[in-house]
Amino acid sequence: MSSVIGTLLIIAIAGLQYLCSRIKYKYSGAVIPILFAGSMLYYYLIAQKASFWAFLIILIVGEILLLSIWDNQYQKNEQKTEQTHLRKK
5 MSSVIGTLLI
15 IAIAGLQYLC
25 SRIKYKYSGA
35 VIPILFAGSM
45 LYYYLIAQKA
55 SFWAFLIILI
65 VGEILLLSIW
75 DNQYQKNEQK
85 TEQTHLRKK
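Residue 36 in my numbering sits at position 32 of the sequence shown, and the numbers go up by one each step.
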């Protein structure tokens with residue numbers, strides 16, 4: 005049952021990151037990766053249920069996923085902004 009909850013939590017975090025990245029402000033999408041890194045560090049230091057390598061792999065993969073979502077959405081927003089400015093001219 006805990007693996008189902010973990011999977012749903014990961015999907016919810018990725019969805020929240022997608023929604024936060026669609027906001028026009030450039031740095032709004034950086035909030036979730038920072039919170040993720042902080043919570044993973046807290047979980048590792050307090051709970052210590054995983055080995056260091058498992059913690060490091062989850063942290064790296066999670067950050068890559070969240071930052072790639074942020075970058076992808078930021079580039080899409082920039083393209084939309086460029087197209088809007090070209091249409092106005």
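Just so it is clear, CB atoms sit at the ideal spot from N, CA and C, and this is done for glycine as well. Given the structure is predicted, the values throughout are model-derived calculations rather than measurements.
Query, Result
"Pick from Gly42, Cys24, Thr88 that is closest to Gly66, judged by C-alpha positions", "Gly42"
"Backbone secondary structure at Met5 - three-state DSSP", "For Met5, the pLDDT reaches just 46, beneath the cut-off of 50, and the residue's location in the model is therefore unreliable, leaving the point undetermined."
"Opening and closing residue of the alpha helix (DSSP H) in which Ser43 lies", "35-50"
"Residue from Ala16, Ile15, Leu23 whose Cα sits closest to the Cα of Tyr78", "Leu23"
"Under the three-state DSSP convention, the category Ala54 falls into", "coil"
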